Every structure is written in structure tokens, then in C-alpha cells.
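Worksheet: the structure to be examined is printed underneath.
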Amino acid sequence: MRFSSLFTPSSSTHTGAAAILLGFSLWASSARAQDRTTEAGEAAITDPNQECTPYTYTPVASLASSFPANWVQPAVIVPNDTEALNKWNSIKSSIPTNISVKGTVKGDFSNFTPTYPTSDPDCWWTYDKCDTPKLAGLSPDVINIPEPLSLGYGFDDGPNCSHNTFYDFLSTNKQKATMYYIGSNIQNWPLEGQRALADGHEICVHTWSHPYLTAVQSESVFAELWYTMKMIKLAIGVTPTCMRPPYGDIDDRVRAVAKALGLRVIVWQSDSFDWEVGSTPGVTPATVDANYQSLINAAKNGTYATSGTIMLTHELNNFTMSEAIKWYPALKAAFTAIVPVGVGYNITQPYLETNYSLPSFSQYVGGQLTATGSASASSASVSSDAQGGSKAGAAMGMPTASNGLIVSIVTVAALLGGVARVLA
Ligand SMILES: [Zn+2]
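Rendered as C-alpha cells:
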């Protein structure tokens, strides 16, 4: 079953009074959704066309010149950005220079792999799924969850502008996840990014422009990660301490840059391949269903009896989010705990800002799902504009949403009264 109707505007197949009621309902929804300046206002929109209509969020838009070009691969340090340059100069001596830059940012390694030693000296994940670095001082990548029968739950490539129905689903099910956000997407959809924090999800870095990182020069690897951290701070109010390399493409050179920026590396054990449907011939919705089912079968047959796992899934598009919704009940039945990765590792302070925390694993499975504290009044040093973003994030509240809903219901009721009179 596809949930596409959840993410696309209702069709015009309804007729008669039903169409009138639907029309008024959508009109009421539109009227409620005029606020494109706050997290709560944006989160209240459920029409995907409205959700994905660009808006201007001044705290982010006013600093666009302080960030790399949107979605241009790879990111580079902005000229005259002395803070970034100073940071890069302070860490670059720790980045190995004897590890080759590989292939292209689009992932064509055909000119590189023929001469790459089969011993995999760089611990290149794309080559052989190496997750234990060979360069001294680097930590192994996170690929699973230590707790038995636990699933590290998370979604790559957001924020997706039309994710409200999906995030509503997660909230309704009291489910938190790790969101691996792309800096360029946050620049375009900052209020959608704020929603992750307001909803209690964990936020990690997923680069600025989504290149294959082993193909990117070290200074640009730094820029891809640094500016995504800065954008998350500016738009959302927190600074992540975790990252996921696009396509899992990482080696010890890229790991060294991540480490220098205080970022833990999270990859995965299995791939749903939800992201390849529609772009890779032969990968179909049935392929993705089979991959979800395989994960569930493995959970049921004892594969994760001593330690849990992580599967790669996305909020990339309507299909990937619909699959996540469709398979959630079966995942809940197969695993004893479904947790953000940070929760799985008891990382109760997932951000540089210490006034925001996540529950421990035992707290989470005991029913304490919500982060404590807020992202406001941060002491970090991005800019004063960040405070606007963080306050907006912290100010997201059910009272506003509830009031909006109540107003909507009252409005619809009043309209229906009018309709009844017209129809009568
Ligand atoms: Zn990705």
C-alpha cells in the first residue's frame, strides 16, 4: 500500500457536498497555514504544495553570503571567512596528506579502484565496508546499536519540505529518530529543520551539498561539514556532534576531518535502498519492501539477539517517507526498542550546547522520550541571529498548534453551518 495521498494534494474525484466540505476544509487549512515565519506555523501546514512553496526566514536569509553556494558541489571556504579559515588552519596539520582523493563527487571511481591496493590501506568504506580505521587515533564508525534487538532509527537527506505528514506520524507514535540533515536543505527550509529539534529528534550533519566525500579535497571536506554545522546552529540553534557521510563514502582522511570537528561517524549495517527507487534501474518499491522484510526477518531469527542494528532510510521523497510509515508497525513488532542512534549510545548531550539533552537508553525505553532543556540562550558563537532561530525552535509549542486546530475546527464548523444553510 502506498501512502502517496498523504503527501500529495487531494484529487478532484470527490463530488457534490463532499467536495464542498473538502474544499472548505482545505480552505480552512490554508487560512491556518499563513504563518511561514515560525516553526509551529510551518509545522501546521499539511498541503505539500504549500509546504514546498519557498519562503524567507530572515535570520538565515540575511546571512546567505556567509555560507557556500546552495547545493554547489563541493562546498568551499567562503572568501574572507576568517573564522572558518582560522579553524581550518588550526586542524589541517592533523589531516593526513598521504591518502588519495578518489574518483568524482558523483561517485565514479572507475579510474581509481583498478590501482587501489586490495589491502584497503585507507579503510575506505565504499571499497569493502571497512569501519575500523587504520590511521591511529580515529574511532571506529558507528554501524549498530549495542543494546539487544534495538534498531537505530534515522532518516537521511532532510529536511524535506513536505515532511510534515511524516513527522506528524512520528509524533503520533511517540517515536524519535536521528535526522541526518543536508546544510543546503536547511538553508532552504530552516523552519522544517527547527521542527526536528522541537519534536525531540536528534540532528546530525550530512554535508552541505551531498558529494562523495572521498572525492573531495580535505579543505572542502572541512567546508562541507563546517558550514553544515554552522547552518544547523544558525537555523535551529544547536551544533551537532555526529555526521553521516553521503553514500557511506568515507576513508581515514575524511574521518580525520570529522574527528577534528568533533563529529562522530555513523553509517549503517543494512541499506533499504529506498533512495534508489526511481533513479536506479531495477530498484523498485518491491526491492525496498523486501529489504525492510529482510531486516524484520533477521530481527525475528535472532540475528540481533546480542546487539542491535542500523538500517539506512531516507526522508528524501514521498516514497521513502511512505515506506517508513508503512513498515513502522512491523518494525515495532520485531524490535524491542527503536531509538535515535545517540540514545542507543547514551549520548545524552548530543550538541555542543550543554543546555539540551536526550534521554539515556534506559530512560527512553522506560518511556521518557523527550529531550530536556531548550536550544535557546546558547553560548555558542555563530551570530546573534542564531538566537532568533533558537528561540523560534524553542518556542514551538503544542498550545499554538492546538489553538490553531481549535480555530480551524471552529472555522470549519461555522463554514459548515453556512454550507448547510446554502444547501438547504
Ligand atoms: Zn544522503
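Heads up: the sequence shown runs through residues -33 to -1, 1 to 391, numbered per mature numbering (1 follows the signal peptide of the UniProt record, and there is no 0).
Quick reminder that beta carbons are idealized off the backbone N, C-alpha and C, glycines included.
Please read these numbers as outputs of a predicted model, since none were measured by experiment.
Item: Are there any heavy atoms of ligand 2 lying less than 6 Å away from the beta-carbon of Pro178, as far as the coordinates show?; Value: In terms of ligand content, the structure shown lacks ligand 2 and carries ligand 1 instead.
Item: What is the rounded straight-line gap between the Cα of Val172 and the Cα of Gly269?; Value: 32 Å
Item: How long is the line joining the alpha carbons of Ala163 and Thr139, rounded to whole angstroms?; Value: 14 Å
Item: Quick check: does the Cβ of Asp108 come within less than 6 Å of any heavy atom belonging to ligand 1?; Value: no
Item: Just how far apart, CA to CA, sit Thr13 and Tyr134?; Value: 11 Å
Item: Let me know the secondary structure DSSP gives Gly8 once reduced to three states.; Value: helix
Item: From which residue to which residue does the alpha helix (DSSP H) around Ile58 run?; Value: 49 to 58
Item: Is the closest heavy atom of ligand 1 to the C-beta of Ser213 under 6 Å?; Value: It should be noted that the sequence gives Pro, not Ser, for residue 213. Yes - ligand 1 has a heavy atom lying nearer than 6 Å to the Cβ of Pro213.
Item: For Glu50, count neighbouring Cβ atoms within 10 angstroms of its own Cβ and tell me buried if that reaches 16, exposed if not.; Value: exposed
Item: Quick check: does the Cβ of Asp124 come within less than 6 Å of any heavy atom belonging to ligand 1?; Value: yes
Item: Do you know offhand how far Pro15's Cα is from Asn155's?; Value: 15 Å
Item: How many angstroms separate the CA atom of Thr4 from the CA atom of Ala297?; Value: 37 Å
Item: Given 8 Å as the limit, is there contact between the stretch 120 to 135 and the stretch 97 to 109, that is, 3 or more CB pairs closer than that?; Value: no
Item: Return the CA-CA distance between Ser239 and Ala265, expressed in angstroms with no decimal places.; Value: 14 Å
Item: Reducing DSSP to helix, strand and coil, say where Tyr134 ends up.; Value: helix
Item: Helix, strand or coil, according to DSSP, for Ile66 in the structure here?; Value: coil
Item: Gly121 lies in the beta strand (DSSP E); which residues open and close that run?; Value: 121 to 125
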